Amino acid sequence: MLGFPFRGSHLNRIAPEPRPFLFAYQNPYSEKRRLRSDGGTMSRGGSGGAAAAAKGGKKKGSIFVIDCAKPVEDKIMDIASLEKFLQERIKVAGGKAGALGDAVTVTRDKSKITVTSEGPFSKRYLKYLTKKYLKKHNVRDWLRVIASNKDRGVYELRYFNIAENEGEDED
1 MLGFPFRGSH LNRIAPEPRP FLFAYQNPYS EKRRLRSDGG TMSRGGSGGA
51 AAAAKGGKKK GSIFVIDCAK PVEDKIMDIA SLEKFLQERI KVAGGKAGAL
101 GDAVTVTRDK SKITVTSEGP FSKRYLKYLT KKYLKKHNVR DWLRVIASNK
151 DRGVYELRYF NIAENEGEDE D
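Taking UniProt numbering, the leading residue of the sequence shown gets 1, the next gets one more, and so forth.
Right under this line is the structure:
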């Protein structure tokens with residue numbers, strides 16, 4: 001009597017090869033990364049900014065300017081209050097608002113505010129905070145925040161073109 005046809009078949013199976021140990025952040029299916037001569041890994045399109053900063057190279061810093069010339073001339077807004085607002089509201093690396101430390105500095109000239117960051121800092125976040133300030137002081141209906149065409153790190157506060165819209169309504 002032969003009995004159950006699959007009897008003992010599980011004993012004849014070949015065990016799969018053990019997988020190498022992986023850290024939680026490694027993907028076992030991704031392509032293998034090439035090793036650099038200094039021992040680090042080379043990722044696609046990476047600039048090696050962290051390795052350069054560790055070796056004593058330049059840290060990635062960013063400088064952004066908010067140009068408030070027109071509203072300050074017309075005395076619609078006070079530039080000192082915008083500077084204070086930014087110093088109180090900017091959050092650095094997920095920390096509390098207002099705890100800038102040495103990472104971010106906010107300075108003002110006659111009609112410009114300069115935000116200088118030693119680490120990564122989002123230009124979009126600065127625009128968000130500026131718009132929040134305008135809304136809080138009830139001038140968001142007249143002013144808008146526009147990125148200047150000339151320089152990448154410059155935002156400009158401009159008036160909406162209300163005169164053009166009024167001319168179209170009369171026709």
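Every residue gets a Cβ at the ideal spot worked out from N, C-alpha and C, and that includes glycine. Small disclaimer: the values here were computed from a predicted structure and weren't measured.
Inset, instruction - Return yes when the Cβ of Cys68 is within less than 9 Å of the Cβ of Lys112, no when it is not. - result: yes
Inset, instruction - Compute the Euclidean distance between the alpha carbons of Thr107 and Thr114, then round it to the nearest angstrom. - result: Taking the straight line joining both Cα atoms gives about 5 Å.
Legend entry - Where Lys132 sits in the DSSP three-state scheme: Secondary structure of Lys132 (DSSP, three-state): helix.
Legend entry - Glu88 versus Glu118 - alpha carbon distance: 18 Å
Legend entry - Proximal residues to Ser133 (C-beta, below 7 Å), its chain only, five neighbours per side dropped: Just to set this straight, residue 133 is Tyr in the shown sequence, not Ser. Around Tyr133: Leu82 and Phe85.
Legend entry - Buried or exposed by the 16-neighbour rule on C-beta atoms within 10 Å, applied to Asn138: exposed
Legend entry - Inter-residue Cα distance where the pair is Arg152 and Tyr159: Cα to Cα, the separation comes out at about 20 Å.
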